[in-house]
Amino acid sequence: MSSAAAGITPSQTVGPFLALGLPWPHGPFVVPAETPGALEISGVVLDGAGHPLPDALVETWQADPDSRFDHPDDPRGAARPAVAGFRGFGRSATDGEGRYQIITLRPGALPTPDGAIEAPHLDVSVFARGMLDRVVTRIYFDDETDANAADPVLQSVPDATRRATLIATAEADTGEPGDIVRFRFDIRLQGGNETVFFDV
Amino acid sequence: MTASNLSAANRGLVLPHYPPAVGVHPPLDSPAYASSRLRHPKQPLVPLPQRLTEITGPLLGPERVTAADADLTAGHAGEPLGERIVVTGRVLDSDGRPVPDALIEIWQANASGRYAHAVDDHPAPLDPNFTGGGRCVTDSLGRYRFVTIKPGPYPWGNHYNAWRPAHIHFSLFGRAFTQRLITQMFFPGDPLFSLDPIFNSIPDPAARQRLISSFDIDTTVPEWALGYTWDIVLRGRTATFFEQPEGR
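As they're listed, the protein sequences go chains H and U.
FYI, in this note's numbering the residues of the first sequence are 6 to 205.
FYI, in this note's numbering the residues of the second sequence are 1039 to 1286.
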């Protein structure tokens, strides 16, 4: 064990009863649903047999639309979000069909210390019974073609065909009044078309 | 933000870095834990550099927690059955710094080993005075304190005659996405440790011991509740300065 890891508390599974402690009624709402520009990201979490997980938890973390974080460790300074009620964090337990859903705003692109630019993205943690530690992935947007092509993380995925597993796809407008923009992002924990997961 | 603005904005970004917790966490592929079989990735993980999204995280502070949320024995018509206990400790990072103002969420079975959850079909009694969820926020020294009852062990379907040692689930955010941790706290002297594939999924036996709380007579409240202490250690951070090339 490296010295940096000395004393760190190990992870354990959330188990099947996380609903007793973790979901909040407002958890899926990174912004209030009526916020101008709000979009929905939803999908299903699937196991290696293609079965949906009814007992998973999906969490998201992201910059605000102005590419900022309300956080003291951001060296550009903590920035109060310009949009009322934006908190950057989303949390959704899956339902009986394995579906999660968050309501958020599209994050801005981000500078990196070595001069690159990260395309708009959300960091994602997935927890579930059967998982002894979280898995980490990212959500990008399929209509950010140029930004995605320049994104250092997407480009670092060795198998280019797997990069598509990190990209949410816009869904057709239902045409109903008041409908919001919807993106679909499924998470495949194992097997064919397995989602790219990261070691952070 | 335009590309040129971003390029200017990144000049001299100084980001903390959280060294990896090598050898600490259980492997996602842990065959003795049957439910892991179809729920672990088979492709290698891709390294994710720690940049702005990873070194920040939700700072979920006191505004979403009341003092009553830290007492799992309260909020019902009567007192729950079982051994009343106090569970307290500190949240630190691996460099020994306290983690203040950090949200902790817990959930657990009742004294009979039954969760107040529709999926739990263990034929042990539910307790109308115990739901089993709580939360608190660490103070300026990283300290937390819960009042609850000692959860019971319970059977589960992993293998013949499988029983989970008594435990409380803990969820912590720390201050950065890299520090997010969900784990379980156990009680000293449990005879089920050596038989539990979840506890034993942690490869390093010394690291397993870090999930076991300690009985503490000084935390014990006379005539009222036994006390247990348990410190939680999250990944530490170091500041890393990125030199910017001239002319960028």
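Every residue, glycine too, gets a C-beta built ideally from N, C-alpha and C.
In this text the structure is predicted, and so the values were computed from the model without any measurement.
Where does U:PHE1237 fall in DSSP's three states?
Indexing the second sequence from 1 puts residue 1237 of chain U at position 199. Helix.
Partner residues on chain U for H:PHE132, Cβ-Cβ distance less than 8 Å
On the first sequence, position 127 is the one that residue 132 of chain H refers to. Result: ILE1220.
With DSSP as the reference, identify every bridge partner of H:ARG168, one or two as the case may be.
Against the first sequence, residue 168 of chain H aligns to sequence position 163. Answer is none; H:ARG168 lacks a bridge partner.
Spatial neighbours of H:ARG167 within its chain, please: C-beta separation below 6 Å, excluding the five flanking residues on both sides.
Against the first sequence, residue 167 of chain H aligns to sequence position 162. VAL201, listed in sequence order.
Any idea what DSSP makes of U:THR1104, helix, strand or coil?
Here residue 1104 of chain U is taken as the residue at index 66 of the second sequence, counted from 1. Reduced to three states, the DSSP call for U:THR1104 is coil.
On the DSSP letters alone, give me the boundaries of the beta strand (DSSP E) that U:ILE1187 sits inside.
Here residue 1187 of chain U corresponds to residue number 149 of the second sequence, with the count starting at 1. Per DSSP, U:ILE1187 belongs to the beta strand (DSSP E) from 1181-1187.
Please compile the residues from chain H whose C-beta is within a distance smaller than 9 Å of the C-beta of U:HIS1078.
Taking the second sequence and counting its residues from 1, one reaches residue 1078 of chain U at position 40. Those within 9 Å of U:HIS1078 in chain H are GLY53, GLY135, MET136, LEU137, VAL140, LEU194, GLN195.
Can you say whether U:HIS1155 is buried or exposed, counting buried as having 16 or more other CB atoms within 10 angstroms of its CB?
Numbered from its first residue, the second sequence carries residue 1155 of chain U at position 117. U:HIS1155 should be labelled buried.
Closest by C-alpha distance to H:ALA54, when choosing among U:THR1094, U:GLU1092, U:SER1073, U:GLY1095
Position 49 of the first sequence, counted from the first residue, corresponds to residue 54 of chain H. With distances taken between Cα atoms, H:ALA54 lies closest to U:SER1073.
6 Å Cβ shell around U:ARG1286 - same chain, five flanking residues per side excluded
Here residue 1286 of chain U is taken as the residue at index 248 of the second sequence, counted from 1. Its pLDDT being 34, under 50, U:ARG1286 is placed unreliably by the model, and nothing is read from it.
Whole-number beta carbon distance between U:PRO1189 and U:LEU1230, since they are thought to touch under 8 Å:
Start at 1 with the first residue of the second sequence, and residue 1230 of chain U comes out as number 192. Start at 1 with the first residue of the second sequence, and residue 1189 of chain U comes out as number 151. Contact flag wrong, Cβ pair sits at about 13 Å.
Find the residues of chain H that neighbour U:GLU1143, judging by a C-beta separation of less than 7 Å, and give them in chain order.
Here the question's residue 1143 of chain U lines up with position 105 in the second sequence. Residues of chain H passing the Cβ test: GLY26, LEU27.
Below 7 Å between beta carbons: does that hold for U:GLY1227 and U:VAL1124?
As a first step, residue 1227 of chain U must be located in the second sequence, where it is residue number 189. As a first step, residue 1124 of chain U must be located in the second sequence, where it is residue number 86. Their beta carbons are not under 7 Å apart, which means U:GLY1227 does not touch U:VAL1124 by this criterion.
Could you check whether H:PRO116 and H:ASP60 sit closer than 7 Å to each other, using their CB atoms as the reference points?
Residue numbering aside, residue 60 of chain H sits at position 55 when the first sequence is read from its first letter. Residue numbering aside, residue 116 of chain H sits at position 111 when the first sequence is read from its first letter. Not in contact: H:ASP60 and H:PRO116 (Cβ atoms no closer than 7 Å).
List, in order along the chain, the chain U residues whose C-beta lies closer than 7 Å to that of H:PRO21?
Reading the first sequence from its first residue, position 16 is the one you call residue 21 of chain H. The answer, in chain order, is VAL1157.
Complete beta strand (DSSP E) runs within the region 93-164 of chain H (minimum length 3 residues, chain order):
94-98, 104-109, 127-133, 140-146
Three-state secondary structure assigned by DSSP to H:GLN67
As a first step, residue 67 of chain H must be located in the first sequence, where it is residue number 62. Residue state, collapsed to three classes: strand.
Looking at the secondary structure, which residues open and close the beta strand (DSSP E) in which U:ILE1038 lies?
With chain U covering 1039 to 1286 only, the question about residue 1038 of chain U has no answer from this structure.
So, for H:MET136: in the same chain, excluding its five sequence neighbours on each side, which residues have a beta-carbon less than 7 Å away from its beta-carbon?
In the first sequence, counting from the first residue as 1, residue 136 of chain H sits at position 131. So the list reads THR18, once near-sequence residues are dropped.
Exposed or buried, U:GLN1247, counting other C-beta atoms within 10 Å across all chains shown (16 or more means buried)?
If you number the second sequence from 1, residue 1247 of chain U lands on position 209. Exposed, since its Cβ has fewer than 16 Cβ neighbours within 10 Å.
Cβ of U:SER1232 less than 7 Å from any chain H Cβ?
Mapped onto the second sequence, residue 1232 of chain U falls at position 194. By this cut-off, U:SER1232 is not an interface position.
Neighbourhood of H:VAL49 by C-beta distance below 6 Å, restricted to the same chain and skipping five residues each side
Residue 49 of chain H sits at position 44 when you count from the first residue of the first sequence. Excluding positions up to five away in sequence, the list reads PRO57, GLY103, ARG104, ASP191.
Which residues does DSSP pair with U:TRP1145 in a beta bridge?
As a working mapping, residue 1145 of chain U is identified with position 107 in the second sequence. DSSP output for U:TRP1145 lists U:GLY1171, U:HIS1207 as bridge partner(s).
If you pair each beta-carbon of the region 1104-1122 of chain U with each one of the region 1066-1080 of chain U, do three or more pairs fall below 8 Å?
no
Which of helix, strand or coil does DSSP assign to H:LEU194?
Within the first sequence, residue 194 of chain H is the residue found at index 189, counting from 1. Of the three classes helix, strand and coil, the one that applies to H:LEU194 here is coil, per DSSP.
Exposed or buried, H:ARG139, counting other C-beta atoms within 10 Å across all chains shown (16 or more means buried)?
Here residue 139 of chain H refers to the residue found at position 134 of the first sequence. Label assigned to H:ARG139: buried.
What does H:PRO125 touch in chain U if you count any residue whose Cβ is under 9 Å from its own?
Looking up residue 125 of chain H in the first sequence gives position 120. Under the 9 Å cutoff, chain U gives no residues; its nearest Cβ is about 10 Å from H:PRO125.
Just checking, does the region 1050-1057 of chain U make contact with the region 67-76 of chain H on the three C-beta pairs under 8 Å criterion?
no
Within 7 Å of any Cβ in chain H, is that where the Cβ of U:ALA1162 sits?
One-based indexing of the second sequence puts residue 1162 of chain U at position 124. So no, U:ALA1162 is outside the interface.
Going by alpha carbons, who is nearest to U:THR1169 out of H:PHE34, H:SER16, H:GLY93, H:GLY26?
Here residue 1169 of chain U refers to the residue found at position 131 of the second sequence. Comparing Cα positions, the closest option is H:GLY26.
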